[in-house]
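Undergrad:
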Amino acid sequence: MISAASTLAAEANSPLMPHVYELVVGSFAFLVVFLVVGKILTPRIQKTLAERTEAIEGGIKKAEDAQAEAQRTLEQYRAQLAEARQEAARLRDEAREQGAQIKAELREEAQAEARRIIEAAHAQIEADRQQAITQLRGEIGRLSTELASRIVGESLEDEVRQRRIVDRFLEELEGRPEAVR
Amino acid sequence: MTPLMLVAEDFTAPGPSIFDFPPLYEGAPTWLTKPVLMAVLGALVVCALAWSAFANPKLVPRGMQNIGEMGYQFVRDQVARPFLGKDAERWMPLLLSLFFLILLWNFFGVVPLIQIPVASHIAFPVVFAVVIYVIKIYLGIKHQGLGGYFKNMMFPPGLPKPIYVLLAPIEFLSNLIIAPFTHAVRLFANMFAGHLILAFFSAVGFWFLFEKLTPLGAGLGVLGVVMTIGMTGFEMFIQFLQAFLFTMLAAMYIGGSLHPEH
Numbered sequence: 270m271i272s273a274a275s276t277l278a279a280e281a282n283s284p285l286m287p288h289v290y291e292l293v294v295g296s297f298a299f300l301v302v303f304l305v306v307g308k309i310l311t312p313r314i315q316k317t318l319a320e321r322t323e324a325i326e327g328g329i330k331k332a333e334d335a336q337a338e339a340q341r342t343l344e345q346y347r348a349q350l351a352e353a354r355q356e357a358a359r360l361r362d363e364a365r366e367q368g369a370q371i372k373a374e375l376r377e378e379a380q381a382e383a384r385r386i387i388e389a390a391h392a393q394i395e396a397d398r399q400q401a402i403t404q405l406r407g408e409i410g411r412l413s414t415e416l417a418s419r420i421v422g423e424s425l426e427d428e429v430r431q432r433r434i435v436d437r438f439l440e441e442l443e444g445r446p447e448a449v450r
Numbered sequence: 372m373t374p375l376m377l378v379a380e381d382f383t384a385p386g387p388s389i390f391d392f393p394p395l396y397e398g399a400p401t402w403l404t405k406p407v408l409m410a411v412l413g414a415l416v417v418c419a420l421a422w423s424a425f426a427n428p429k430l431v432p433r434g435m436q437n438i439g440e441m442g443y444q445f446v447r448d449q450v451a452r453p454f455l456g457k458d459a460e461r462w463m464p465l466l467l468s469l470f471f472l473i474l475l476w477n478f479f480g481v482v483p484l485i486q487i488p489v490a491s492h493i494a495f496p497v498v499f500a501v502v503i504y505v506i507k508i509y510l511g512i513k514h515q516g517l518g519g520y521f522k523n524m525m526f527p528p529g530l531p532k533p534i535y536v537l538l539a540p541i542e543f544l545s546n547l548i549i550a551p552f553t554h555a556v557r558l559f560a561n562m563f564a565g566h567l568i569l570a571f572f573s574a575v576g577f578w579f580l581f582e583k584l585t586p587l588g589a590g591l592g593v594l595g596v597v598m599t600i601g602m603t604g605f606e607m608f609i610q611f612l613q614a615f616l617f618t619m620l621a622a623m624y625i626g627g628s629l630h631p632e633h
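In the order they appear, the protein sequences are chains A and B.
In terms of the working numbering, the first sequence is residues 270 to 450.
In terms of the working numbering, the second sequence is residues 372 to 633.
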């Protein structure tokens, strides 16, 4: 049989009945932890975490800025390149046009020069021909007279008559085209 | 009767008496017991660990700070933010202290030689629960007014009138009497039962393998040892879970007093 005293003792030790001294120690322990961990240390780590967030956000912002800057520069370079290409094409076209123009001008000049030379040659030839005809006319007259006087055997004294005969003869000659050409 | 039954009859399973501790040494004051010593030791260890992690925090964390931050972020993201929203940062000191201290006190249950979860003595969970209870009521009256607090608690809007006859006393009971009681008892009972289970299986192993080793009893002893190892792992999970749950409920009560609409 269990005595009343031990029953009482067992009830005093019931696991659901808190010991007063444990309540005191528990409160004290929690207070110490709250002061050290909660009041001193938690604000520190909160501050550090906030700073880290800021640093990361700052880094991301910086990287974004740098990327935007690079993009802008690239666009600029592309625009410049396109402009330069256009410029080059324009210059090429211009040069081609100019070249063609110069060629045409030179050709025209050369043709004109050639024409001028040919004309001059023609004039010279004509003059030479006239001179030759004039010279020939005198020469032929003299030669013919000499020939005729030799053939006829008599000297035709009369200068004037002689001249007339030669002229007539020559005119006859000119009247026949095949004889002149 | 088989030999096994004879031995089994001699075996006495550990009972609630394993939670009774005498004073630490002859002539010591009655309050200086192992759980008290472990409670103080746990508080000091938590302070020391937290100090090594957070005393001089770096932007790029190293070593202990990494572990400490894991704990901090766990409490902040899983406990504080879901229940307190934008007030989370303000209540982190309380919640973090609560979580770290309960977690370490619970882990003492599986640390060799210490092997007593401090919260298995109900006084310790009671301290936490009372602190949270006082904060809950203080915040509720401060933010909602004395009448508003009880009106929001007992007369949630949008219900047919006769329901309130039933609902008002239930809500009053559940919020002001049952909630703090279960808050403390949930942690206490889990630690108490867990410790009892570990004690039972290790007692089985010790008794059948060392005290009364018999061919038939040996198998039972081995089973006891295996179960002790398995249950130790399970206990660690429960210890973590209860620390998390206690802190989460604390955050829920505080959040409920700050924002009655939720």
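Quick reminder that beta carbons are idealized off the backbone N, C-alpha and C, glycines included.
1. State yes or no: is the beta carbon of A/ILE314 nearer than 9 Å to at least one beta carbon in chain B?
2. Does the region 476-494 of chain B come within contact of the region 397-414 of chain B, defined as at least 3 CB pairs closer than 8 Å?
3. Check whether the Cβ atoms of B/MET607 and B/ILE568 lie closer than 9 Å to each other.
4. Looking at B/THR450: is its Cβ nearer than 9 Å to the Cβ of B/PHE425?
5. With DSSP run on the structure shown, which of helix, strand or coil describes B/MET435?
6. So B/LEU517 is in the alpha helix (DSSP H); what residue range does that whole segment cover?
7. By how many angstroms is the C-alpha of A/VAL305 removed from the C-alpha of B/SER423?
8. At the 9 Å Cβ level, is B/LYS522 part of the contact set with chain A, yes or no?
9. DSSP state of B/GLU542, grouped into three classes?
10. Please tell me whether, using a cut-off of 8 Å, the distance from the CB of B/PHE552 to the nearest non-hydrogen atom of the ligand ZN is below it.
11. Exposed or buried, B/LEU466, counting other C-beta atoms within 10 Å across all chains shown (16 or more means buried)?
12. According to the Cβ coordinates, are B/PHE577 and B/GLY595 closer than 9 Å?
13. My guess is that B/VAL631 and B/ASN523 are in contact by the Cβ rule of under 8 Å, so how many angstroms apart are they, rounded?
14. Under 9 Å, Cβ to Cβ, is there at least one residue of chain A near B/THR401?
15. Any beta carbon from chain B within less than 9 Å of A/VAL302's own beta carbon?
16. Here's the rule I'm using: 16 or more other beta-carbon atoms within 10 Å means buried, otherwise exposed. How should A/ARG450 be labelled?
17. Give every residue of the same chain whose Cβ lies closer than 8 Å to the Cβ of B/ALA589, excluding the five residues on either side of it in the sequence, and list them in chain order.
18. For B/ASN477, report the span of its alpha helix (DSSP H) as first-last.
19. Output the boundary residues of the alpha helix (DSSP H) element that contains B/PHE577.
20. Starting from the beta carbon of A/GLU320, find every residue of chain B whose beta carbon is closer than 7 Å, and list them in chain order.
21. List, in chain order, every chain A residue whose beta-carbon is nearer than 9 Å to that of B/TYR443.
22. For the region 276-310 of chain A, list the alpha helix (DSSP H) runs that are entirely contained and at least 4 residues long, ordered along the chain.
23. Can you tell me whether A/ILE409 is helix, strand or coil according to DSSP?
24. Using a cut-off of 9 Å between C-beta atoms, extract the partners of A/ALA348 located in chain B.
25. Determine, using beta carbons only, whether A/GLU332 comes closer than 9 Å to chain B.
26. Would DSSP call B/PHE392 helix, strand or coil?
27. In chain B, which residues lie with their C-beta within 7 Å of the C-beta of A/GLY295?
28. Any contact of the region 303-321 of chain A with the region 513-520 of chain B, i.e. 3+ C-beta pairs under 8 Å?
29. Using a 10 Å radius around the Cβ and a threshold of 16 neighbouring Cβ atoms, would you call B/SER468 buried or exposed?
30. Using a beta-carbon distance below 9 Å, is B/VAL417 in contact with chain A?
31. According to DSSP, simplified to helix, strand and coil, what is B/TRP422?
32. Flag this pair as yes or no: are the beta carbons of B/PHE572 and B/THR553 separated by less than 9 Å?
33. Please classify B/LYS507 as buried or exposed, where buried requires at least 16 other C-beta atoms within 10 Å of its C-beta.
34. Whole-angstrom Cβ separation of A/THR317 and B/PRO428, contact assumed at under 8 Å?
TA: A quick look at the data gives this:
1. yes
2. yes
3. no
4. Note on identity: in this sequence residue 450 of chain B is Val, with Thr being the wrong assignment. The answer is no: Cβ separation not under 9 Å.
5. helix
6. 517-525
7. 12 Å
8. no
9. helix
10. Within the structure as shown, the ligand ZN is missing, as the structure has no ligands at all.
11. buried
12. yes
13. Contrary to the premise, residue 631 of chain B reads as Pro rather than Val in this sequence. Confirmed, about 4 Å.
14. yes
15. yes
16. Reliability of the predicted coordinates at A/ARG450 is poor, the pLDDT of 47 falling under 50, and no value is obtained from them.
17. PHE579, LEU580
18. 459-478
19. 550-577
20. LEU430
21. THR311, ILE314, GLN315, LEU318
22. 289-302
23. helix
24. Under the 9 Å cutoff, chain B gives no residues; its nearest Cβ is about 41 Å from A/ALA348.
25. Here the sequence assigns Ala to residue 332 of chain A, which means Glu is not the residue at that position. No, A/ALA332 does not count as interfacial toward chain B.
26. coil
27. ALA410, ALA494, PHE495, VAL498
28. no
29. buried
30. yes
31. helix
32. no
33. buried
34. 4 Å
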